[in-house]
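Shown next, in structure tokens, is the structure this report addresses.
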Amino acid sequence: MAHFIYGVATNTGKGFFTAEDRRKFFLRGYPADVWMVGNNVDGAMWLAEKGASEKTKSEAQALIDAEVQAAQAAWDALSDEEKANPGNTRPVDITLP
Amino acid sequence: MATYEEIHGKRVNVLDSDPTLNSSYEGQVWYNSGSGTLKSVVAVQAWVSSSSLVGAARFALGSSGTQTASLSVGGELPGYTNAVEEYNGSGWSTSTNYPLSVQGPLVAGTQTAAVACGGNTHPPSVDRTETFEYDGSSWTSSGALPAGRRALNNSGFGSQTAAVQSGGLIPGGVQNTSNEYDGSSWTAGNTINTNRYVHAGAGTLTAGIISSGVGAATAYPSLTSVEEYDGTSFTAVNSMSVGKGATAGSNQAPQTSLIVFGGNSTPGSSINNTESYDGTNWTTQPNIASARQQLGGSGSSSSSGLAFAGYTTTQVATTEEYNSSINTITAAAWASGGNLNTGRRSGAGFGTQTAGAVAAGNTSAPGTSISSTSEEYNGTSWSEGNDMNTSRTNANAYGPQTAGNVVMGSEGTPAGSNKYETYDGTSYSNGPTTNQARFAPGACGTSTAGLAFGGYSDPGYTGGANLSEEYNGSAWAEGNNLNTGRYDVAGFGIQTAAVAVGGADAPAALSNVEHYDGTSWTNATALANPQRNMGACGVQTAGLIFSGNLNTGGGEAKTGLTQGYDGTTWSTRPSMSTSRIQVSPAHAGTSTSTFAAGGNVQNPVTNVTEEFTGETETANITTFSVS
Numbered sequence: 000m001a002h003f004i005y006g007v008a009t010n011t012g013k014g015f016f017t018a019e020d021r022r023k024f025f026l027r028g029y030p031a032d033v034w035m036v037g038n039n040v041d042g043a044m045w046l047a048e049k050g051a052s053e054k055t056k057s058e059a060q061a062l063i064d065a066e067v068q069a070a071q072a073a074w075d076a077l078s079d080e081e082k083a084n085p086g087n088t089r090p091v092d093i094t095l096p
Numbered sequence: 000m001a002t003y004e005e006i007h008g009k010r011v012n013v014l015d016s017d018p019t020l021n022s023s024y025e026g027q028v029w030y031n032s033g034s035g036t037l038k039s040v041v042a043v044q045a046w047v048s049s050s051s052l053v054g055a056a057r058f059a060l061g062s063s064g065t066q067t068a069s070l071s072v073g074g075e076l077p078g079y080t081n082a083v084e085e086y087n088g089s090g091w092s093t094s095t096n097y098p099l100s101v102q103g104p105l106v107a108g109t110q111t112a113a114v115a116c117g118g119n120t121h122p123p124s125v126d127r128t129e130t131f132e133y134d135g136s137s138w139t140s141s142g143a144l145p146a147g148r149r150a151l152n153n154s155g156f157g158s159q160t161a162a163v164q165s166g167g168l169i170p171g172g173v174q175n176t177s178n179e180y181d182g183s184s185w186t187a188g189n190t191i192n193t194n195r196y197v198h199a200g201a202g203t204l205t206a207g208i209i210s211s212g213v214g215a216a217t218a219y220p221s222l223t224s225v226e227e228y229d230g231t232s233f234t235a236v237n238s239m240s241v242g243k244g245a246t247a248g249s250n251q252a253p254q255t256s257l258i259v260f261g262g263n264s265t266p267g268s269s270i271n272n273t274e275s276y277d278g279t280n281w282t283t284q285p286n287i288a289s290a291r292q293q294l295g296g297s298g299s300s301s302s303s304g305l306a307f308a309g310y311t312t313t314q315v316a317t318t319e320e321y322n323s324s325i326n327t328i329t330a331a332a333w334a335s336g337g338n339l340n341t342g343r344r345s346g347a348g349f350g351t352q353t354a355g356a357v358a359a360g361n362t363s364a365p366g367t368s369i370s371s372t373s374e375e376y377n378g379t380s381w382s383e384g385n386d387m388n389t390s391r392t393n394a395n396a397y398g399p400q401t402a403g404n405v406v407m408g409s410e411g412t413p414a415g416s417n418k419y420e421t422y423d424g425t426s427y428s429n430g431p432t433t434n435q436a437r438f439a440p441g442a443c444g445t446s447t448a449g450l451a452f453g454g455y456s457d458p459g460y461t462g463g464a465n466l467s468e469e470y471n472g473s474a475w476a477e478g479n480n481l482n483t484g485r486y487d488v489a490g491f492g493i494q495t496a497a498v499a500v501g502g503a504d505a506p507a508a509l510s511n512v513e514h515y516d517g518t519s520w521t522n523a524t525a526l527a528n529p530q531r532n533m534g535a536c537g538v539q540t541a542g543l544i545f546s547g548n549l550n551t552g553g554g555e556a557k558t559g560l561t562q563g564y565d566g567t568t569w570s571t572r573p574s575m576s577t578s579r580i581q582v583s584p585a586h587a588g589t590s591t592s593t594f595a596a597g598g599n600v601q602n603p604v605t606n607v608t609e610e611f612t613g614e615t616e617t618a619n620i621t622t623f624s625v626s
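Read top to bottom, the protein sequences are chains A and B.
Each residue of the first sequence is one higher than the one before, counting from 0 in numbering that gives the first Met the number 0.
Each residue of the second sequence is one higher than the one before, counting from 0 in numbering that gives the first Met the number 0.
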């Protein structure tokens, strides 16, 4: 059985995930509104309740890659002065565990 | 129907209010005349999640100690590690590395007086005989085991001066030998009855116990068998209900009150079973949440245990606490809060989790689009407030929502600002300028006793400033410098007891931490890894940092790592759900209540908020209903 399940859902703010949710199942958010959730009943129920579009790991990774690559391209287009600002570091690749 | 007095020979106490409870009250019944209810206090057994290890996920580690002072030694990542971590009841912190990168060493004793030996190093594969003693900070070589042994994990028991090693594995097979340690050398003891390895040990040299583990080749069964040790011989006693290999337990517990948890069932699937032992019988207890084997364990009784790291279907770094208590412990956690109206990064956050504010910041990523807008938070939602007088980003802020202070920042060019504004809960007012213009400083304090330190003082990003200024309610004055110049630095505390954490000094992030006592800065306990752009809040003896750029050795990456500080030691807390940098914190929050608003998850900026609530304990008082 897979250790995690993946879905896409927009964080709607207060109550999107609660402290109780965090205690019941693993939850980690990624760019492109990708959520990686512990593969148990509570995690699967949370994804369903949020109307998440469920993804395979490779589909979720592709969404993240596309977002990161777009961010990297935007950074590459910055002026040298903006690139020199340590607050504007080039986005790094993200690999789902 | 019989009365309570007829059954128990006692009358029920009548009290005006519920008593102050401790464990001695378990099972007692009283009548609360104030509320008119009959009440009792009951013990509840449960596992709750706690903070993960600081370093990489691992399994096949050595472990010992108690639930509030646990020790993790070595393990497999994969690739063997020499990492040592200590748990303080809330989170993990790194300590001095073990002299060998080792899998499956034995550890016995406490967090400040332990002995470790054996295990396997690779390549080439060598079953180690070396023994080292640990005093809480350093490792010292001691007398070697008579023969190398691997797969000892959590099987050791006793103390640093009176420990026992039993069983283990070598290429020739599963062992039944035992050895006693007297604080300087090992002496061969009598054999155990069942050959085993990766078993659980507990008790003392003269009243010890070993249980479970993996049995002899070639079947390698997960064992139910248990043996007690009297200082001379091992004797088989009542078996456990469930066979479990590669398990762990509360190995600083006495022979008559312990728990054993996790492990694997034949032929190797991870299990979550927990059993307690009272000196005679085994009783099934609540399962650990995460079935795992080759895990670390510690604990001091059948009421108190700690499970950490191990292997589920992959190696993990997670931690769970077991408690049998009249109190229910609710683990700390981050939860989603209301979304900002305007997403931003490097905004100035102040106030508390339920009365907070965020001002200014950069609404673009990448690139720069500075803002003067301000929002207030009521614990549920953000509402637009009046704008600041000067747009800026990378300012810092402190104080409550109705007496906020926003200092320095960048007004749009790569040069610092010396502007300072105060907020009264309605509007911003210009205050006295600082002596040196800077951006990305640290700051903390109050409207009448403020402190701002570090930041950039030049437009070329050539290095962090070590400048520090104090505010007395009417003017900024130069103070003594930081020892290490830095920008993107986190700060918390008050003017006379402040903390400067991490940051960067072009281009590298820093792990360095400094304390300010109102006069001078001194170096304090560093972070485990360089980190900058964190959120922070709290006081010098109870602080919290979270998010930021973290460098664990492979370059900087965004993190949701959360760490607590007690004035001496950094330890982990549950992480944020989403890694990010440049958040706006509830800077007047506490180590158990704050928020992280906005920041940069990925371009563009985000408007999401997460709220942190610390661990709590509440008494399990049962109210009897009348039917």
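Glycine included, every Cβ here is placed at the ideal spot set by N, Cα and C.
Since the model is a prediction, treat every value here as computed from it, not as a measurement.
_Please list, in chain order, the residues of the region 62 to 76 of chain A that have any C-beta partner in chain B closer than 7 Å._
E66, V67, A70, A73, W74
*Per the contact definition of three or more C-beta pairs closer than 8 Å, is the region 296 to 313 of chain B in contact with the region 242 to 254 of chain B?*
yes
*asked:* Considering Cα atoms alone, identify which of B:Y79, B:G360, B:G563 is closest to Q581 (chain B).
replied: In the second sequence, the residue the question calls residue 581 (chain B) occupies position 582. Comparing Cα-Cα distances from Q581 (chain B) to each of B:Y79, B:G360, B:G563, the minimum goes to B:G360.
*asked:* For the region 43 to 64 of chain B, list every residue whose C-beta sits within 8 Å of some C-beta in chain A, in sequence order.
replied: V47, S48
*Would you say G86 (chain A) faces chain B, with C-beta separation under 8 Å as the test?*
Sequence index remark: in the first sequence, residue 86 (chain A) carries index 87 (1-based). Chain B contact via Cβ: present.
_Interface positions of the region 8 to 32 of chain A facing chain B (Cβ-Cβ less than 7 Å), listed along the chain_ = Within the region 8 to 32 of chain A, the residues whose Cβ lies closer than 7 Å to some Cβ of chain B are N10, G12, K13, G14, F15, F16, T17, A18, R21, R22, L26, R27, G28, P30, listed in chain order.
*Count the other CB atoms, across all protein chains shown, that sit within 10 Å of the CB of N377 (chain B); report buried if there are 16 or more and exposed otherwise.*
Here residue 377 (chain B) refers to the residue found at position 378 when the second sequence is read from its first residue. When all chains shown are included, N377 (chain B) counts as exposed.
_Along the region 594 to 609 of chain B, where does the CB come closer than 8 Å to a CB of chain A? Name the residues._
V600, Q601, N602, V607, T608
*Answer with buried or exposed for F233 (chain B), where buried requires no fewer than 16 other C-beta atoms within 10 angstroms of its C-beta.*
Position 234 of the second sequence, counted from the start, is the residue given in the question as residue 233 (chain B). Using a 10 angstroms sphere on the CB of F233 (chain B), the tally of other CB atoms reaches 16 or more, which defines it as buried.
*To the nearest angstrom, how far is it from the Cα of S39 (chain B) to the Cα of Q102 (chain B)?*
Walking along the second sequence from the start, residue 39 (chain B) turns up at place 40. Walking along the second sequence from the start, residue 102 (chain B) turns up at place 103. Computed Cα separation, rounded: 48 Å.
*Under the DSSP definition of a beta bridge, which residues are partnered with D516 (chain B)?*
Position 517 of the second sequence, counted from the first residue, corresponds to residue 516 (chain B). BP columns for D516 (chain B) are empty, so no partner.
_Same chain, Cβ closer than 6 Å to N12 (chain B), five either side skipped, listed in chain order_ = Here residue 12 (chain B) refers to the residue found at position 13 of the second sequence. If you ignore the 5 residues before and after N12 (chain B), its C-beta comes within less than 6 Å of the C-beta of W29, all in its own chain and listed in chain order.
*Does the beta carbon of N102 (chain B) come closer than 8 Å to any beta carbon on chain A?*
Residue numbering aside, residue 102 (chain B) sits at position 103 when the second sequence is read from its first letter. Before going on, a small fix: residue 102 (chain B) reads as Gln here, not Asn. Not an interface residue.
_Cβ neighbours of T372 (chain B) in the same chain (closer than 6 Å, five flanking residues each side left out)_ = On the second sequence, position 373 is the one that residue 372 (chain B) refers to. So the qualifying residues of the chain are T341, D386.
*asked:* List, in chain order, every chain A residue whose beta-carbon is nearer than 8 Å to that of Q581 (chain B).
replied: Translated into positions along the second sequence, residue 581 (chain B) becomes position 582. The contacting residues are G86.
*Would you mind working out which of B:T421, B:T329, B:S363 sits nearest F611 (chain B), comparing C-alpha positions?*
Indexing the second sequence from 1 puts residue 611 (chain B) at position 612. Selected option, being the one with the closest Cα: B:T329.
*asked:* Under 8 Å, Cβ to Cβ, is there at least one residue of chain A near S232 (chain B)?
replied: For the purposes of this step, residue 232 (chain B) is identified with residue 233 of the second sequence, where counting begins at 1. By this cut-off, S232 (chain B) is not an interface position.
*Tell me where the beta strand (DSSP E) around L62 (chain A) begins and ends.*
Position 63 of the first sequence, counted from the first residue, corresponds to residue 62 (chain A). Premise fails: L62 (chain A) lies in the alpha helix (DSSP H), 56 to 75, not in any beta strand (DSSP E).
*If you run the structure through DSSP and keep just helix, strand and coil, what is R27 (chain A)?*
Position 28 of the first sequence, counted from the start, is the residue given in the question as residue 27 (chain A). In this structure, R27 (chain A) counts as strand in the three-state DSSP scheme.
*Any heavy atom of the ligand FMN closer than 7 Å to the CB of G74 (chain B)?*
The model on display carries no ligand, and the ligand FMN is accordingly not part of it.
*With 16 other Cβ atoms within 10 Å as the buried cut-off, status of G537 (chain B)*: Looking up residue 537 (chain B) in the second sequence gives position 538. Residue environment: G537 (chain B) is assigned as buried (16 or more neighbouring CB atoms within 10 Å of its CB, all protein chains considered).
*Kindly indicate which three-state DSSP category A316 (chain B) falls into: helix, strand or coil?*
Along the second sequence, read from residue 1 onward, the residue named residue 316 (chain B) stands at position 317. Coil at A316 (chain B), not helix or strand.
*Under the DSSP definition of a beta bridge, which residues are partnered with W46 (chain B)?*
Sequence index remark: in the second sequence, residue 46 (chain B) carries index 47 (1-based). In DSSP, W46 (chain B) forms a bridge with B:Y321.
*Quick one: is A393 (chain B) buried, meaning 16 or more other Cβ sit within 10 Å of its Cβ, or exposed?*
Here residue 393 (chain B) refers to the residue found at position 394 of the second sequence. According to the sequence displayed, residue 393 (chain B) carries Asn and not Ala. With 16 or more other Cβ atoms within 10 Å, it is buried.
*For I258 (chain B), which three-state DSSP category applies?*
On the second sequence, residue 258 (chain B) is found 259 positions in, with the first residue counted as 1. Strand at I258 (chain B).
_Straight-line Cα distance separating G230 (chain B) from G207 (chain B)_ = If you number the second sequence from 1, residue 207 (chain B) lands on position 208. If you number the second sequence from 1, residue 230 (chain B) lands on position 231. In a straight line, the C-alpha of G207 (chain B) is about 8 Å away from that of G230 (chain B).
*Could you name the residues that DSSP lists as bridge partners for T621 (chain B)?*
Start at 1 with the first residue of the second sequence, and residue 621 (chain B) comes out as number 622. According to DSSP, T621 (chain B) bridges with B:S39.
*Scan the region 390 to 422 of chain B for residues whose Cβ lies nearer than 7 Å to a Cβ of chain A and list them as they occur along the chain.*
Residues of the region 390 to 422 of chain B with a Cβ closer than 7 Å to any Cβ of chain A, in chain order: N393, P413.
*Closest to T432 (chain B) by CA distance: which of B:T389, B:N465, B:T412 is it?*
For the purposes of this step, residue 432 (chain B) is taken as residue 433 along the second sequence, with counting starting at 1. With distances taken between Cα atoms, T432 (chain B) lies closest to B:T389.
*Candidates A:L95, A:P96, A:V91: which alpha carbon is nearest Q601 (chain B)'s?*
Taking the first residue of the second sequence as 1, we reach residue 601 (chain B) at position 602. Taking only the C-alpha atoms, the option nearest Q601 (chain B) is A:V91.
*Would a check of beta-carbon distances place E81 (chain A) closer than 8 Å to chain B?*
Looking up residue 81 (chain A) in the first sequence gives position 82. With 8 Å as the cut-off, E81 (chain A) counts as an interface residue toward chain B.
*Could one say the Cβ of V91 (chain A) lies closer than 8 Å to chain B's Cβ atoms, at least one of them?*
Counting from 1 along the first sequence, the entry for residue 91 (chain A) is found at position 92. Answer yes: the Cβ-Cβ gap between V91 (chain A) and chain B drops below 8 Å somewhere.
*Would you say N322 (chain B) reaches chain A, if we count a Cβ-Cβ gap shorter than 8 Å as a contact?*
The residue you call residue 322 (chain B) lines up with position 323 of the second sequence. No, N322 (chain B) lies away from the interface with chain A (no Cβ there is under 8 Å from its Cβ).
*In DSSP terms, what K557 (chain B) is bridged to*: As a first step, residue 557 (chain B) is located in the second sequence; it is residue number 558 there, counting from the start. According to DSSP, K557 (chain B) bridges with B:N548.
*With a cut-off of 8 Å, do at least 3 Cβ pairs link the region 403 to 413 of chain B to the region 340 to 359 of chain B?*
yes
*asked:* Between which residues of its own chain and T483 (chain B) is the CB-CB distance below 6 Å, once the five residues before and five after are set aside?
replied: Taking the second sequence and counting its residues from 1, one reaches residue 483 (chain B) at position 484. The beta carbon of T483 (chain B) lies closer than 6 Å to those of N511 in the same chain, with the five residues before and after it left out.
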